[in-house]
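Novice: Residue numbers 1 to 90, in full-length UniProt numbering, belong to the letters of the sequence shown in order.
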Amino acid sequence: AYDLTLDPNTANTRLILSENNRKVTFVKKKQSYPDHPERFDKYPQVLCRESLTGRCYWETEYKGKTDISVTYKGIGRKGWINDCWFGCNE
């Protein structure tokens with residue numbers, strides 16, 4: 001399995017990263033993260049630091065409602081538009 005770490009600069013303010021940026025938790029209260037151009041400002045999403053190439057896989061553990069997506073690094077990050085939402089962009 002490929003070891004992935006989550007990028008705190010992309011994490012929406014309703015997400016908390018833990019366990020060395022390998023676990024993400026959704027919370028109702030917005031976190032006071034610093035502004036960053038790569039941060040998702042509306043949708044509760046986060047990207048991994050690593051890029052994937054070739055054939056690879058990763059394993060996940062989850063509780064409750066969870067969505068996991070694969071996207072390109074250039075996905076939009078600002079606004080309530082489909083270009084920023086996993087599964088609704090090109």
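Heads up, the beta-carbon is just placed ideally off N, CA and C, and yes, glycines get one too. All values reported here derive from a predicted model rather than from experimental measurement.
Does the stretch 9 to 21 come close enough to the stretch 39 to 50 that 3 or more CB-CB pairs lie under 8 Å?
Specialist: Verdict: yes, contact present.
Novice: Is the separation between the beta-carbon of Asn21 and that of Pro8 shorter than 8 Å?
Specialist: Within the sequence shown, numbered from 1, the residue matching residue 21 stands at position 21. Within the sequence shown, numbered from 1, the residue matching residue 8 stands at position 8. Going by C-beta atoms, Asn21 is nearer than 8 Å to Pro8.
Novice: Is it buried or exposed for Arg55, if we count other Cβ within 10 angstroms and need 16 for buried?
Specialist: Residue 55 sits at position 55 when you count from the first residue of the sequence shown. Classification for Arg55: exposed.
Novice: Three-state secondary structure (DSSP) at Lys84?
Specialist: Taking the first residue of the sequence shown as 1, we reach residue 84 at position 84. Rather than Lys, the amino acid found at residue 84 in this sequence is Cys. Reduced to three states, the DSSP call for Cys84 is helix.
Novice: Thinking C-beta only, is Trp58 closer than 8 Å to Leu4?
Specialist: Locating residue 4 in the sequence shown gives position 4, counting from the first residue. Locating residue 58 in the sequence shown gives position 58, counting from the first residue. Taking 8 Å as the Cβ cut-off, Leu4 and Trp58 qualify as a contacting pair.
Novice: Nearest CA to the CA of Tyr62: which residue from Arg49, Thr25, Val46 and Tyr2?
Specialist: On the sequence shown, residue 62 is found 62 positions in, with the first residue counted as 1. The candidate whose alpha carbon is nearest that of Tyr62 is Thr25.
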